[in-house]
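Residue numbers (the working numbering): 293 to 1059. We put the CB at the ideal spot given by N, CA and C, even for glycine. As structure tokens, the structure follows; a few thoughts come after it.
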Ligand code: ZN
Ligand code: ZN
Ligand code: FE
């Protein structure tokens, strides 16, 4: 008996060698029929013995190609059509698009072998790739994913490449970016001094040799990567690193470095099995690794930091830069690879713009002519609580969607302001954008708007609801109003910032029960008009009730108080001591004597009030003399954590709790006084910092226990920028679990404001 089955698969099934895989698989089951790409995924229409069809269907799901992901499958049986053989059919354009787009993937081992195989026709060719590796989303201009809709369209494949592309048994069958040195993109080393034209130095292998030589002499070189430019210099050359810090106006913010293999990494940093797995995964993110005490990690790379951001080479071009066989004896061991942008602007993706905008920073530019269409920053991952936690979601991860708990309305959520992302939802998918950056400059805002319109097109979504932050001055909020006015029938809805944080955890983990949501954050607009950031909520996506908060304290000088943490320290000291603070015999008071009066008059004016946990970290950091003025976001809090990690004390400061009108208030005055007492005693700052962290863990656990008693809710969701603090998160999770709580936090998406847009979308879906 012959049966016919129609199998529809959705997910990442295009551009990952799926059809040849089906073709090969079928050789074992001898079915007749066809496999074809559709605008929704892949359709397989086959006839044969029912038993064979069933086995085929099972193995299809078991033996998927490495990059394929199936999110939806469907099989129906029908009357046989009498197919004679098995073929790969024409692409069908029938349904509305929901094809998923693959993220960019690091070079695979097969391609690496060829890259360094002297007899291979692609020996040392910087753009080698195959069906299992190479650029994807960054070169895709439209769907279906086919060469004419990528930035590879301008290169006409040579005979050899074309033959590979068309041969179903070849590992480059339908590899859209397929190319070789005869027909594909090429690299070029150029220079541009201010006021001068771009001058070409060398092309091809020669360009690589020159680049390595120049890096060795301490030059700073912009290198075009998969999702944008990096700025590179020799990570073993202190003078070069210092020059780069000066030119980039970035005195302290850590630089990420790139190494060519794991051996080099373990010489300088600790790397667990899990951390190694993440480093070598096809996504190849930057991983934050703990520096080895014994190693001589150059302090200029990540000053005052216990961690170093490290990534492995992930494109053939990177591998070539580390190849010792290229420039006689001059091999590079490690490279600084920092984002190729000027402060607060998006990373450069285009050759002319890069040479123009980065000419004040870079001496040379290693460019190429495979255009980057979609901008993509490096992803950052940190292992916390023995799990990979994504702190910046870009290359390798985006634009893979999140599968959410239920069918969603068509929503666009525009995110917040810092570390901006947006999100669009359709069916059960939430397409979270890649990390876009801080929406503070015109250039970043333009890049954000462009990315929104591209996502809406690519995933064919017409939003019915636009969700946004409550902050009226965010550019994202203003832009949502514009979009709302342009599109009739679209409803705008505001979502409170910290409720969005908690909702992002609920969405990510598909939590069904009510939660105690703990949001410790920088700052966000509160429902009462104050600046929130240390909030406890009870509830679910439909309704959150604020159950507790950190006590409000004035932010003298508003935004300036974020830039200058010593202002927050004065604010907290004033809260604890009022005018007696002048008499405190601690270094902080001596250091700031001349400005204290002015800051206090700002406090009395009055200044805006905040419950931000981030600002409390800032205050303690300044109080301990660790960081008075920041040069990058969250510097004071990060350096406080680094300091605390150096102490092993179990002792803790004790925060008090006060209940008023059903709202618990965490009172920090006592802790501030304890810190001052310890400072006067000359206690080491490491110990004070640690006691502060321990105290926070204790009070959060106590509050959660109080709320559980009241509400019988035993699930805790943690989110907000402060939870990027590994010391705090790990100890808190441990303690909450010991007290019998189920604990969730962001893992696949960042716990910082990169998560806001997803949270906005799932809350808006309930309205
Ligand atoms: Zn490959
Ligand atoms: Zn070719
Ligand atoms: Fe936030």
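Here residue 379 is exposed. Its C-beta has fewer than 16 other C-beta atoms within 10 Å. In the structure shown, residue 746 adopts helical secondary structure according to DSSP, grouped into three states. CA-CA distance, residue 575 to residue 601, rounds to 15 angstroms. Boundaries of the beta strand (DSSP E) harbouring residue 680: 679-684, taken from the DSSP string.
By the neighbour-count criterion, in which a residue is buried when 16 or more other Cβ atoms sit within 10 angstroms of its Cβ, residue 713 is buried.
Where residue 415 is concerned, there is no enclosing beta strand (DSSP E), because DSSP gives it neither an H nor an E. Around the beta carbon of residue 802, fewer than 16 other beta carbons lie within 10 angstroms, which makes this residue exposed. Residue 875 places its beta carbon 7 angstroms or farther from that of residue 916. Between residue 382 and the set 469, 506, 337, 365, the nearest pair of CA atoms involves 337. When secondary structure is reduced to three states using DSSP, residue 522 falls in the strand class. In terms of side-chain proximity, the C-beta atom of residue 474 is found nearer than 6 angstroms to a non-hydrogen atom of ligand 2. Proximity to residue 374 across 295, 426, 698, 412 peaks at 295, based on C-alpha coordinates.
Taking 7 angstroms as the cut-off, the Cβ atoms of residue 963 and residue 945 count as close. Here DSSP, grouped into helix, strand and coil, assigns residue 423 to coil.
With a cut-off of 6 angstroms, the C-beta of residue 453 is classified as near ligand 2, since at least one heavy atom of the ligand falls inside that distance.
With fewer than 16 other CB atoms across the displayed protein chains lying within 10 angstroms of its CB, residue 509 is exposed.
If you draw a straight line from the Cα of residue 693 to the Cα of residue 431, it comes to about 18 angstroms. Minimum Cα-Cα distance from residue 504 among the listed residues 489, 1026, 481, 488 corresponds to 481.
Counting of Cβ neighbours within 10 angstroms places residue 849 among the buried residues, the total reaching 16 or more. Ligand 3 has no heavy atom closer than 6 angstroms to the beta-carbon of residue 517. Counting only residues of its own chain and dropping the five nearest sequence neighbours on each side, residue 437 has a CB closer than 6 angstroms to the CB of 306, 307. For residue 403, the shortest separation between its Cβ and any heavy atom of ligand 2 does not lie below 6 angstroms. Look at the region 834-888 and you find these whole runs of beta strand (DSSP E), each 3 residues long or longer: 836-842. Rounded to the nearest angstrom, the Cβ distance from residue 639 to residue 633 is 5 angstroms, consistent with a contact under 8 angstroms. Counting along the chain, the unbroken alpha helix (DSSP H) around residue 531 starts and ends at 530-539. In this chain, the beta strand (DSSP E) harbouring residue 697 covers 694-705.
Counting only residues whose CB is nearer than 6 angstroms to a non-hydrogen atom of ligand 3, the list in chain order is 789, 793, 813, 814, 816, 1012, 1013, 1045.
Bridge pairing for residue 811: 827, 1011 [DSSP]. In its chain, beyond the 5 residues on either side, 860, 861, 864 have a beta carbon closer than 6 angstroms to the beta carbon of residue 911. The beta carbons of residue 831 and residue 814 sit no closer together than 7 angstroms. Per DSSP, reduced to three states, the secondary structure at residue 955 is strand. Residue 714: not part of any beta strand (DSSP E); DSSP gives it neither H nor E. Contact between the region 456-473 and the region 608-623 is absent, with fewer than three C-beta pairs closer than 8 angstroms.
Per the coordinates, the alpha-carbon of residue 735 lies some 12 angstroms from the alpha-carbon of residue 743. By the CB criterion at 7 angstroms, residue 731 and residue 723 fall outside the cutoff. Where residue 629 is concerned, the enclosing beta strand (DSSP E) starts and stops at 626-631.
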